[in-house]
Amino acid sequence: MTLFSSLYDKAMAWAAHRNAAWFLAMLSFAESSFFPVPPDVMLAPMVLARRKRAWVYAMITTLASAAGGIAGYFIGLLAFDAVASFLHSMGYWQAYLTARDWFSEWGVWVIFIAGFSPIPYKVFTISAGAVSMAFLPFVIASVIGRGARFFLVAALMYWGGKKMDQFMRQYIDRIGWLFLVLVILIYFLVR
Numbered sequence: 000m001t002l003f004s005s006l007y008d009k010a011m012a013w014a015a016h017r018n019a020a021w022f023l024a025m026l027s028f029a030e031s032s033f034f035p036v037p038p039d040v041m042l043a044p045m046v047l048a049r050r051k052r053a054w055v056y057a058m059i060t061t062l063a064s065a066a067g068g069i070a071g072y073f074i075g076l077l078a079f080d081a082v083a084s085f086l087h088s089m090g091y092w093q094a095y096l097t098a099r100d101w102f103s104e105w106g107v108w109v110i111f112i113a114g115f116s117p118i119p120y121k122v123f124t125i126s127a128g129a130v131s132m133a134f135l136p137f138v139i140a141s142v143i144g145r146g147a148r149f150f151l152v153a154a155l156m157y158w159g160g161k162k163m164d165q166f167m168r169q170y171i172d173r174i175g176w177l178f179l180v181l182v183i184l185i186y187f188l189v190r
């Protein structure tokens, strides 16, 4: 099934759009507070399409994602009761409970790790607000964790260049399905 290769081709076309950086910023912001699609799926093709702007795209993604994380923090801090049903309906409730427990045990390190990993970051931003985590350490850990992830993605695409594009075109469907299976496995393990 070539679902991911057609999505990859569309992402490459979007990457060349004159407003691509704004779309990347909006996606990055939304993903950190409520949207399920990670910005990596747009960042990687944008870097491949315009390698000279790799570090600008990584910075846009990092700052917009951290801003979205701040929005998620304030959602958790000020409106957690209103979003609790959303966490239930989207299947994130158990992840929220786990995140809350991790905050009490590891504190700010949870934000750094969640920012870097493929774990749904929005759960941790909302949880940080819900448990009233100290704001400044939250922001610093968010910027460092998200920045490390997005600059790594940009660097891999930049250094890989045409070879990376060819690799992605050849294996994107396998990678996409494998990633989907891993996300499902992680979901059921955390649940």
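Going by numbering that gives the first Met the number 0, the sequence shown opens with residue 0, and the numbers climb by one from there. Cβ atoms here follow ideal geometry from the backbone N, Cα and C, with glycine treated the same way.
* Alpha carbon of A19 to alpha carbon of W158, nearest angstrom -> 21 angstroms
* How about S64 and R145: are their beta carbons less than 7 angstroms apart? -> yes
* To do: Look at the Cβ atom of M156, then the Cβ atom of L86, and state whether they are nearer than 7 angstroms.
  => Not in contact: M156 and L86 (Cβ atoms no closer than 7 angstroms).
* Sufficient close CB pairs (3 or more, under 8 angstroms) joining the segment 100 to 117 to the segment 14 to 29 -> Short answer: they don't touch.
* **DSSP three-state assignment for G160, whether helix, strand or coil** => Helix.
* **Expected contact under 8 angstroms - CB spacing of I125 and G71 to nearest Å** => About 5 angstroms; that satisfies the 8 angstroms criterion.
* **Start and end residues, alpha helix (DSSP H) containing K51** => K51 -> no alpha helix (DSSP H), and no H or E assigned at all.
* Would you check if the segment 53 to 63 and the segment 138 to 154 touch, i.e. whether three or more CB-CB distances between them fall below 8 angstroms? => Yes, they touch.
* Whole angstroms is fine: what's the gap from L42's alpha carbon to A78's? => Between L42 and A78, the alpha-carbon positions lie close to 31 angstroms from each other.
* According to the Cβ coordinates, are V130 and F102 closer than 7 angstroms? -> yes
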